[in-house]
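Positions in the sequence shown are counted from 1; adding 9 to them yields the numbering used here.
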Amino acid sequence: MPATSVPHLQTALTGPLLELESHLLAHTNEIEAWLRKQFSKTPAPFYASVDLRNAGYKLAPVDTNLFPAGFNNLHPDLRSLAVHAAQSKIAQVCPIADGVLIIPENHTRNTFYLENLFTLKCIIESAGYEVQIGSMLEGLDAPMIIELPSGNALTLKPLIRKDDQVGVENFFPCAVLLNNDLSGGRPKILENIKQTLLPPLDLGWDNRYKTHHFQHYSDVTAAFAKIINIDPWLITPTSVPCGPINFKERTGLDLLAETVNQMLSDTQRYYNEHHIKCKPFTIVKSDSGTYGMAIMSVQSAEDVLNLNRKQRNKMASAKEGLQVEQMLVQEGVYTYETINGAVAEPVVYMIGSQVVGSFYRIHTGKGATDNLNSPGMHFEPLSYAEAGILPDESQQPDAAPNRFYAYGVIARLALLAAAREIADAAGELPSLESA
10 MPATSVPHLQ TALTGPLLEL ESHLLAHTNE IEAWLRKQFS KTPAPFYASV DLRNAGYKLA
70 PVDTNLFPAG FNNLHPDLRS LAVHAAQSKI AQVCPIADGV LIIPENHTRN TFYLENLFTL
130 KCIIESAGYE VQIGSMLEGL DAPMIIELPS GNALTLKPLI RKDDQVGVEN FFPCAVLLNN
190 DLSGGRPKIL ENIKQTLLPP LDLGWDNRYK THHFQHYSDV TAAFAKIINI DPWLITPTSV
250 PCGPINFKER TGLDLLAETV NQMLSDTQRY YNEHHIKCKP FTIVKSDSGT YGMAIMSVQS
310 AEDVLNLNRK QRNKMASAKE GLQVEQMLVQ EGVYTYETIN GAVAEPVVYM IGSQVVGSFY
370 RIHTGKGATD NLNSPGMHFE PLSYAEAGIL PDESQQPDAA PNRFYAYGVI ARLALLAAAR
430 EIADAAGELP SLESA
């Protein structure tokens, strides 16, 4: 059996999913060979995080973030994986690099985000690169030192441009890492620079749509499913665009209700085919953006038509004060993972094509159909189950190392979809080979 890109991590769930996990474990060789071939044709983004939902009968991604925060929530024992992956990926995209410039979000008061930024900086420094943080924060004209709750300090320096390069002071490396999702638009200072920008500007939320990502993901899983002979629905959330919608003016809500109704009907048909005795639900969310904003769980079309003013205002707002217009209607995937009685969902982190860690997002005030990425959530890092990165053939399919292998496979399929988004934006999309 070949070495895989998934470490052994201790998961919380001890329930079903045996059939799907068994199938993935039985086809490890084919899976790893296929993924390796795909990533050689379509290189993975520098980094990404993927939110997964495990319903027992279905395991699927519900969000893929190309500007991940939360590195501080990964288990410190896994740091060496992240360091090695960063070293390999930077050498791949910019072989002459001896430094990396990180461009962050403008969250100077969000200490959780700043702790993430500090951790990301440490990972890349440990990989052997000088790292500086160049901030686009308005009004920043001198270095700003921020003391963090962890006792560490983070220095933000004003981002400047010289000709076709950006940097700070006298630091203009060939590798520029965006940790800013560009919800507020494409900054002019970053247009047409000659440095390697990771990821490209076209993947910011002013350009990117979740609909496109999940279409690429659907293409990926259709090809992948043929390799291991499964129904792709078992690992794919049905997703359709809907809009324009104006929640404040109540325009487009009839169209949204019709789309929700169709999604519920389609999901029920799949449930009947697979003998699943659950009530279908849908997730309605902004087709662009992150931070768990403009998102709701819907049980019926009437839920959409009967939104009160507070609910409509919440759905109309997004990060950077943008007004939501285009929505994504997605098949709801239950989460049956719990930690200490609270619902949980795994979030898997990758650098390059390597899984470097994971944590559980946990919410004591939410249920199995709710969005957990909301105020009141907390995180529980996944630790090593044992040394090594191989699935453990001596244990049952639902043993912790084997369960996490399944999570790593699905997360890397979402990563491949993101890689194909990047290639598509550059007009260089290769074919997907299923055999």
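Yeah, the Cβ is synthetic: ideal placement off N, Cα and C, and Gly gets one too.
Does the stretch 262-282 come close enough to the stretch 247-254 that 3 or more CB-CB pairs lie under 8 Å?
Touching, yes.
For A42, name the three-state secondary structure that DSSP assigns.
Note: A42 maps to helix in three-state DSSP.
Have a look at the DSSP bridge pairing and note the partners of K203.
Answer is none; K203 lacks a bridge partner.
Mapping the DSSP letters down to three states, classify G2 as helix, strand or coil.
Outside the displayed range of the chain (10 to 444) lies residue 2, so it cannot be described from this structure.
Are the stretch 222-234 and the stretch 201-208 touching by the rule of at least three beta carbon pairs closer than 8 Å?
These segments do not touch.
If we ignore side chains and look at the alpha-carbon of each, how far apart do N188 and I419 end up?
C-alpha separation (whole angstroms): 23 Å.
Less than 8 Å separating the beta-carbons of R421 and E30?
No, Cβ-Cβ distance for R421 and E30 is not below 8 Å.
So which of Y138, N315, K171 and A78 has the shortest CA-CA distance to V92?
The candidate whose alpha carbon is nearest that of V92 is Y138.
Looking at the strands, I want to know which residues DSSP matches up with Y358.
In DSSP, Y358 forms a bridge with S58 and G366.
By alpha-carbon positions, which one of K67, I348, N382 and M145 ends up nearest to A303?
Closest option to A303, Cα to Cα, is N382.
CA-CA distance, I105 and S274?
Cα to Cα, the separation comes out at about 54 Å.
May I ask you to report which of helix, strand or coil DSSP gives I398?
Confidence is the limiting factor: at I398 the pLDDT is only 46, short of 50, which leaves the residue's position unreliable, though a coordinate-based value still follows. Note: I398 maps to coil in three-state DSSP.
The beta strand (DSSP E) spanning H387 covers which residue range?
Where H387 is concerned, the enclosing beta strand (DSSP E) stretches over H387 to P390.
For G148, count the other beta carbons within 10 Å of its own beta carbon; 16 or more makes it buried, fewer makes it exposed. Which is it?
Exposed, by the Cβ-count rule.
Helix, strand or coil: which one does DSSP assign to L438?
L438: coil per DSSP, three-state reduction.
Would you decide whether A427 is buried or exposed? Buried here means 16 or more other CB atoms lie within 10 Å of its CB.
Answer is buried; the Cβ neighbour count reaches 16.
Suppose the cutoff is 6 Å on Cβ atoms and the five residues either side in sequence are ignored; what does the same chain contact list for S440 look like?
Nothing listed; no residue qualifies.
Can the beta-carbon of L61 be found less than 8 Å from the beta-carbon of I111?
Contact flag unset, no.
For the alpha helix (DSSP H) containing C131, name the first residue and the last one.
Residues T120 to S135.
Reducing DSSP to helix, strand and coil, say where H372 ends up.
Strand at H372.
Might you give, ordered along the chain, the residues of its own chain that have their beta carbon closer than 8 Å to the beta carbon of A162, omitting 5 neighbours on each side?
So the list reads I154, I155 and E156, once near-sequence residues are dropped.
Does the Cβ of R195 have 16 or more other Cβ atoms within 10 Å, making it buried, or fewer, making it exposed?
Result: exposed.
Taking the alpha-carbon positions, what's the I198 to K219 distance?
For I198 and K219, the distance between alpha carbons rounds to 26 Å.
So is G24 buried or exposed if we call it buried at 16+ other beta carbons inside 10 Å?
For G24, the predicted structure reports a pLDDT of 44, less than 50, and the residue's modelled location is therefore unreliable. The matter cannot be settled from this model.
What is the residue span of the beta strand (DSSP E) that K166 lies within?
Here the beta strand (DSSP E) through K166 covers A162 to P167.
To the nearest angstrom, how far is it from the Cα of A64 to the Cα of N238?
If you take the alpha carbons of A64 and N238, they lie about 20 Å apart.
Might you give, ordered along the chain, the residues of its own chain that have their beta carbon closer than 7 Å to the beta carbon of T128, omitting 5 neighbours on each side?
Closer than 7 Å at the Cβ level, and outside the excluded window around T128, lie F80 and N81.
What residue ranges within the stretch 231-314 form continuous alpha helix (DSSP H) runs of no fewer than 4 residues, ordered along the chain?
If we require 4 residues or more, the alpha helix (DSSP H) runs fully inside the stretch 231-314 come out as 262-282 and 310-314.
Between I431 and chain D, is any beta-carbon pair separated by less than 8 Å?
Looking at the structure shown, chain D is missing, and only one protein chain is on hand.
In this structure, how does DSSP classify K67 when only helix, strand and coil are distinguished?
Note: K67 maps to coil in three-state DSSP.
Please look up how many angstroms separate the CB atoms of A377 and P70, rounded, as I've assumed it's under 8 Å.
Contact flag wrong, Cβ pair sits at about 17 Å.
For D172, is the classification buried or exposed, using 16 other Cβ atoms within 10 angstroms of its Cβ as the cut-off for buried?
The residue in question, D172, is exposed, as its Cβ has fewer than 16 Cβ neighbours within 10 Å.
Going by beta-carbon coordinates alone, are Q96 and A136 separated by less than 8 Å?
Yes, the pair counts as a contact, with Cβ atoms nearer than the cut-off.
Pull the bridge partners of D72 from the DSSP assignment, please.
DSSP lists D60 as partners of D72.
Could you tell me the distance, in whole angstroms, from the CA atom of L212 to the CA atom of Q308?
Answer to the nearest angstrom: the Cα atoms are 32 Å apart.
Of the residues F368, E334 and N74, which one's Cα is nearest the Cα of I254?
Of the candidates F368, E334 and N74, the one whose C-alpha sits nearest the C-alpha of I254 is E334.
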